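Numbering (my numbering), first residue to last: 30 to 437. The block underneath contains the structure these notes are about, expressed in structure tokens.
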Amino acid sequence: MSKPVKLFAAVSIVVALAGAWWIVSGTIVGTQSDTQQATSLPKRKSRTDAAPNTVHVDAHARNQLGLAFGTAEVREIVKPVSVPGIVSFDDRRVTHLKPRTKGRVLTLAVEPGDVVEPGAVLATLDASGVLDAHNGLEGARASLGEAKATRDAALIAVTRAKALLKIGGIAKAELERRQVEAAKAEAAIQSAQAQADLYSAQYDRLAPARGAAPGTSEIVAPIKGVVISENITLGEVIDTTQDAFTVADPSKVLVLASLFGFDIDAVKKGDKAVIHAPVGTQADFGARVLSVNAALDPMTNAAAARIQVENPRHALRANMYVAVDIEANLGRHGVTIPAAAVQQTEQGPIAFVRTSEDTFVKRALTLGLQRTDWVEVVKGVSSGERVATEGSFGLKAMLLRSLLGSTD
Numbered sequence: 030m031s032k033p034v035k036l037f038a039a040v041s042i043v044v045a046l047a048g049a050w051w052i053v054s055g056t057i058v059g060t061q062s063d064t065q066q067a068t069s070l071p072k073r074k075s076r077t078d079a080a081p082n083t084v085h086v087d088a089h090a091r092n093q094l095g096l097a098f099g100t101a102e103v104r105e106i107v108k109p110v111s112v113p114g115i116v117s118f119d120d121r122r123v124t125h126l127k128p129r130t131k132g133r134v135l136t137l138a139v140e141p142g143d144v145v146e147p148g149a150v151l152a153t154l155d156a157s158g159v160l161d162a163h164n165g166l167e168g169a170r171a172s173l174g175e176a177k178a179t180r181d182a183a184l185i186a187v188t189r190a191k192a193l194l195k196i197g198g199i200a201k202a203e204l205e206r207r208q209v210e211a212a213k214a215e216a217a218i219q220s221a222q223a224q225a226d227l228y229s230a231q232y233d234r235l236a237p238a239r240g241a242a243p244g245t246s247e248i249v250a251p252i253k254g255v256v257i258s259e260n261i262t263l264g265e266v267i268d269t270t271q272d273a274f275t276v277a278d279p280s281k282v283l284v285l286a287s288l289f290g291f292d293i294d295a296v297k298k299g300d301k302a303v304i305h306a307p308v309g310t311q312a313d314f315g316a317r318v319l320s321v322n323a324a325l326d327p328m329t330n331a332a333a334a335r336i337q338v339e340n341p342r343h344a345l346r347a348n349m350y351v352a353v354d355i356e357a358n359l360g361r362h363g364v365t366i367p368a369a370a371v372q373q374t375e376q377g378p379i380a381f382v383r384t385s386e387d388t389f390v391k392r393a394l395t396l397g398l399q400r401t402d403w404v405e406v407v408k409g410v411s412s413g414e415r416v417a418t419e420g421s422f423g424l425k426a427m428l429l430r431s432l433l434g435s436t437d
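What follows is the structure, given as structure tokens:
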């Protein structure tokens, strides 16, 4: 081997040994330095170690979580019930008008949809029954006059018979006969009077209004309302069994809300209700439940809750579909907390009760009625205790992390 080659090989070996020594020494030093640094840092212990159901949160962490709070309070337990409904006229405010006597329709004064006042003439009939009633009344009055004249003559005959009997001019039997005739005449007057009263009442019921043509009869609206239906035509002959008009008062209407399942027993008379209708003037109508039907609809298996609604502007119309919200008072009081305070876990619902400024205790809950705004707590929280609402999920996460052995 030449001398330069030997010199290059010797230098390479020295450089390789120096590099290996530097790498090994640097690794050892670096490992010792990291070990010393890790040993020097204090181990951060979870602040929930002292009590597994307790979370301690300082002011800075509370701000980060955005914690908000609510108070457990006792209130009436009211179940919200939302069901469909349909508007209907109140049967007590609907009248079906029939003619008072048989006759031919002469005039029609209204059409369906017209508003009428009490006493308004809806139709006029050419009614022969009016003339019959008038003639019968006149005949009864004549019979009454004749009976009175007969009675007067009989009384005079009795008076004469008494005078003649005193002087022996007639027998006593004749006086008695005349007295019987007078009694019969008195009875005939009573019968004639009754007949006259009957025809008078009949004629008064059928008689045309003042100024109307004789022999006519009018169909008159008895209430203020709206004409719902008209079932007669001009020239038609109608009788007293036929419905001529239907008039309804829409100032108060009924909403029939369909109740299903457990809601049937929950809703009671007097419960508050709000009707949501597709109308422009007033979309919501406050009301109360009048009653709940004892029978179910065989087609839908629903029970109808009858709700009376004030409808002064006639915005609600019969057969209109509406949405109904009922506040069903369940007849009891209970402890409630905001719904946002409840967190769900595998073991069931929980809430975090604030026991001090920075301490929160997890409570297992037994829930009753659950609403979107609050829930009933049968067991787990007492009235007056403060519970975390917004940010309570963060408290649950902190508690779960500590139980799993994680650090802050």
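Even glycine gets a Cβ: it sits at the ideal position worked out from N, Cα and C. These figures come from a predicted structure and were not determined experimentally.
Across the structure, A302 and A316 are spaced so that their CA atoms are roughly 5 Å apart. Per DSSP, reduced to three states, the secondary structure at E167 is helical. With respect to V276, I252 sits close: the two C-beta atoms are nearer than 8 Å.
Considering only T418, E386, N330 and I267, the residue with the shortest C-alpha distance to L135 is I267. DSSP places L283 in the uninterrupted beta strand (DSSP E) bounded by K281 to L288.
Cβ-Cβ separation between V338 and V284: approximately 6 Å, consistent with a contact (criterion under 8 Å).
Assignment of beta strand (DSSP E) within the stretch 377 to 417, counting only whole runs of 3 or more residues, yields 377 to 383, 388 to 393, 395 to 399, 403 to 408 and 415 to 417 in chain order. Under a 10 Å Cβ-count criterion, S246 is classified as buried, with 16 or more other Cβ atoms of the shown protein chains found around its own Cβ. The secondary-structure analysis by DSSP pairs H125 across a beta bridge with T275. Going by beta carbons, D387 and H89 fall outside the 8 Å limit.
Secondary structure note for N92: its alpha helix (DSSP H) is the uninterrupted segment A88 to L94. In the structure shown, E140 falls within a coil segment according to DSSP collapsed to helix, strand and coil. Of all alpha-carbon atoms in D161, Q208, K195 and S172, the one lying nearest the alpha-carbon of A182 is that of Q208. Taking C-beta separations shorter than 6 Å and ignoring five residues to either side along the sequence, the partners of K408 in its chain run T395, following chain order.
DSSP, reduced to helix, strand and coil, places F422 within a helical segment of the structure shown.
Bounds of any beta strand (DSSP E) do not take in D226; it lies within the alpha helix (DSSP H) bounded by K201 to L235. The shortest CA-to-CA distance from V351 to any of A426, V308 and A212 is the one to V308. DSSP places I261 outside both helix and strand once states are collapsed to three, so it counts as coil. Closest option to A169, judged by alpha-carbon separation, among V406, V416, L204 and A230: A230. A323 is not bridged by DSSP to any residue. For L433, the three-state secondary structure derived from DSSP is coil. Spanning the alpha carbons of A200 and L194 requires a straight line of approximately 6 Å. In the three-state scheme derived from DSSP, where H, G and I count as helix and E and B as strand, L345 is classed as coil. Spatial neighbours of N82 in its own chain (CB-CB distance under 7 Å, excluding positions within 5 residues in sequence) are listed in chain order as V390 and K391. Of all C-beta pairs linking the stretch 396 to 404 to the stretch 363 to 378, three or more are shorter than 8 Å, placing the two stretches in contact. Its chain contains Y232 as the residues whose beta carbon lies nearer than 6 Å to that of H163, once the 5 sequence neighbours on both sides are disregarded; these appear in chain order.
By the beta-carbon neighbour count (other beta carbons within 10 angstroms, threshold 16), I185 is exposed. By alpha-carbon distance to G254, the top candidate from T124, A242 and E210 is T124. Contact check between the stretch 172 to 179 and the stretch 214 to 221: three or more CB pairs, one atom from each, fall below 8 Å, which counts as touching. Taking the Cβ atoms as the reference, A152 lies roughly 4 Å from I248, within the contact range of under 8 Å. Here the alpha carbons of S117 and G148 stand approximately 25 Å from one another.
Under a 10 Å Cβ-count criterion, R342 is classified as exposed, with fewer than 16 other Cβ atoms of the shown protein chains found around its own Cβ.
The C-alpha of S287 is placed about 26 Å away from the C-alpha of E405.
When C-alpha distances from L359 are compared across V107, D226 and L325, the shortest belongs to V107. For A295, the uninterrupted alpha helix (DSSP H) segment begins and ends at D292 to A295. Counted as a single uninterrupted DSSP element, the stretch harbouring I252 is not any beta strand (DSSP E), since DSSP gives it neither H nor E.
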